[in-house]
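K.L.:
Per the working numbering, the sequence shown starts with residue 4, numbered consecutively.
Take a look at the following structure, please.
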Amino acid sequence: MTLDTEQIRQVLPHRYPFLLVDRILELEPGVRAIGLKNVTVNEPCFQGHWPHRAVMPAVLILEALAQVGGVMLLCMPEYKGLNAYFTGVDRARFRKPVLPGDTLHLSVELKKVRGIFGTVAAVATVEGQAVAEAQLMFALAPDGAGGSTVAAVPRPLEEAE
Numbered sequence: 004m005t006l007d008t009e010q011i012r013q014v015l016p017h018r019y020p021f022l023l024v025d026r027i028l029e030l031e032p033g034v035r036a037i038g039l040k041n042v043t044v045n046e047p048c049f050q051g052h053w054p055h056r057a058v059m060p061a062v063l064i065l066e067a068l069a070q071v072g073g074v075m076l077l078c079m080p081e082y083k084g085l086n087a088y089f090t091g092v093d094r095a096r097f098r099k100p101v102l103p104g105d106t107l108h109l110s111v112e113l114k115k116v117r118g119i120f121g122t123v124a125a126v127a128t129v130e131g132q133a134v135a136e137a138q139l140m141f142a143l144a145p146d147g148a149g150g151s152t153v154a155a156v157p158r159p160l161e162e163a164e
């Protein structure tokens, strides 16, 4: 399954300038996904990062990976209408700078889900070379649950007892 920008906007709450996925190239809901981000010099982050050499901030690469993970999860019927909140990052590594003109391929694979929490393995590549990788943690919650403040997220019954 593939998704264009408008279809992604139906799944994720993000909007310009913070929607960082242009297209989903491959999607197996709840299993894996590959997204695409065309990096252009016109993006707001390049106005100040860095003035002498535009480099995509590492945190935005992680956010783009997390958004692809969100699409992978939120396309599952049982998670429709929820949000996937970023709760943590482990083993993040940044191998090469990402520059305007690069095309990021953003791959995520679901590793585990327990209740409302889960982990995805994520890798970003440019021209087949890894530029970033990490384990990303998330919590699933309804709208208004409080951003990354997962204390406001109701726990499933089996975990609450």
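Even glycine gets a Cβ: it sits at the ideal position worked out from N, Cα and C.
Is A61 near the ligand PLP, with its Cβ less than 7 angstroms from a heavy atom?
P.N.:
Only the bare structure without any ligand can be found here, which leaves the ligand PLP out of the picture.
K.L.:
If we count the other Cβ atoms within 10 Å of its Cβ and call it buried at 16 or more, is M4 buried or exposed?
P.N.:
For M4, the number of other beta carbons within 10 angstroms of its own is below 16, and it is reported as exposed.
K.L.:
Taking the alpha carbon of V24 as the reference point, which residue from V123, V126 and L107 has its own alpha carbon closest?
P.N.:
The option with the nearest alpha carbon to V24 is L107.
K.L.:
How far does the beta strand (DSSP E) with M140 in it reach, from first residue to last?
P.N.:
Q132 to P145
K.L.:
Going along the chain, which residues of its own chain have a beta-carbon closer than 6 angstroms to the beta-carbon of F49, five neighbours each way excluded?
P.N.:
Residues of the same chain with a CB within less than 6 angstroms of the CB of F49, apart from the 5 flanking positions on each side, are A57 in chain order.
K.L.:
Just the C-alpha distance for L113 and G121, rounded to the nearest angstrom, thanks.
P.N.:
8 angstroms
K.L.:
If you draw a straight line from the C-alpha of V44 to the C-alpha of H55, how long is it?
P.N.:
Approximately 13 angstroms between the Cα atoms of the pair.
K.L.:
Comparing C-alpha positions only, which one of R26, G118, G33 and A133 sits nearest to N41?
P.N.:
Considering only alpha carbons, the answer is R26.
K.L.:
Taking L76 and L139 to be in contact with their CB atoms under 8 angstroms, please state how far apart those CB atoms are, rounded to whole angstroms.
P.N.:
Their Cβ separation, rounded to whole angstroms, is 11 angstroms, which puts L76 and L139 out of contact at 8 angstroms.
K.L.:
DSSP three-state call for V74: helix, strand or coil?
P.N.:
helix
K.L.:
Helix, strand or coil for A125, going by three-state DSSP, please let me know.
P.N.:
strand
K.L.:
If we ignore side chains and look at the alpha-carbon of each, how far apart do T29 and A124 end up?
P.N.:
According to the sequence shown, residue 29 is Glu rather than Thr. So the two alpha carbons sit approximately 16 angstroms from each other.
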